[in-house]
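Written below as structure tokens is the structure these notes are about.
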Amino acid sequence: MNDSDSTPRIGQIVLINKGRDAGQFAIIINEADEKFVLIADGDRRKFDRPKKKNIQHLTLYDYVSSEVRDSLTEAGRVTNGKLRWALTNFVEEILDVVEKGDGFDGERRCN
1464 MNDSDSTPRI
1474 GQIVLINKGR
1484 DAGQFAIIIN
1494 EADEKFVLIA
1504 DGDRRKFDRP
1514 KKKNIQHLTL
1524 YDYVSSEVRD
1534 SLTEAGRVTN
1544 GKLRWALTNF
1554 VEEILDVVEK
1564 GDGFDGERRC
1574 N
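Heads up, my numbering is the position in the sequence shown plus 1463, with the first residue counted as 1.
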């Protein structure tokens, strides 16, 4: 299911591997350039304040949320609720996570 060599696509689900948000899922909402993308999760990282992330620090899943992609192409934006819904849907149905939303909120902080 992982395809880290592919080109990032708008609406694609990613797993953050490096940095403060390591271990969390997000969605690509825009491409900054050939090395960086803008990601958001609709919760800690809202659509209006996306995180610029190096593609090498992400695991790209071979799954694109059509709802998010269509919203971005038609309206140029997506609601934070839709981002959260798409991530929850991906975690619960695609990854077969038993506990509701458990894989989505996993923070790795020491404090």
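Here a beta-carbon is modelled for each residue, glycine too, at the ideal position from N, C-alpha and C.
Beta-bridge pairing of residue i - partner residues as DSSP gives them
{"i": "A1503", "result": "I1490"}
{"i": "K1509", "result": "Answer is none; K1509 lacks a bridge partner."}
{"i": "K1515", "result": "L1501"}
{"i": "I1479", "result": "L1521"}
Pair within 9 Å by beta-carbon distance, residue i and residue j
{"i": "K1509", "j": "N1543", "result": "yes"}
{"i": "R1472", "j": "R1547", "result": "no"}
{"i": "G1474", "j": "A1549", "result": "yes"}
{"i": "I1518", "j": "F1499", "result": "yes"}
Own chain, CB closer than 8 Å to residue i, minus 5 neighbours either side, in chain order
{"i": "S1534", "result": "R1540, V1541, T1542, K1545"}
{"i": "A1495", "result": "L1501, K1515"}
Spatially closest choice to residue i from the options, by CA coordinates
{"i": "I1479", "options": "A1549, Y1524, W1548, A1538", "result": "Y1524"}
{"i": "K1516", "options": "E1530, W1548, I1557, A1489", "result": "A1489"}
{"i": "T1470", "options": "K1481, S1529, E1555, L1521", "result": "L1521"}
{"i": "V1554", "options": "K1481, N1493, G1482, D1504", "result": "D1504"}
{"i": "D1484", "options": "D1506, E1530, E1537, D1511", "result": "D1506"}
{"i": "T1536", "options": "N1493, P1513, D1511", "result": "N1493"}
First through last residue of the alpha helix (DSSP H) which encompasses residue i
{"i": "L1550", "result": "1543-1552"}
Boundaries of the beta strand (DSSP E) in which residue i is found, first to last residue
{"i": "L1535", "result": "From DSSP, L1535 is part of no beta strand (DSSP E) but of the alpha helix (DSSP H) over 1529-1538."}
{"i": "I1473", "result": "Per DSSP, I1473 belongs to no beta strand (DSSP E) and is neither H nor E."}
Other residues of its chain near residue i: CB distance less than 7 Å, five sequence neighbours each side excluded
{"i": "I1557", "result": "Y1526"}
{"i": "K1481", "result": "H1520"}
Same chain, Cβ closer than 6 Å to residue i, neighbours up to 5 away in sequence not counted
{"i": "S1528", "result": "G1474, A1549"}
{"i": "D1568", "result": "With a pLDDT of 49 at D1568, under the threshold of 50, the modelled position of that residue is not reliable, and the figure given next carries that caveat. Excluding sequence neighbours, D1568 sits near nothing in its chain."}
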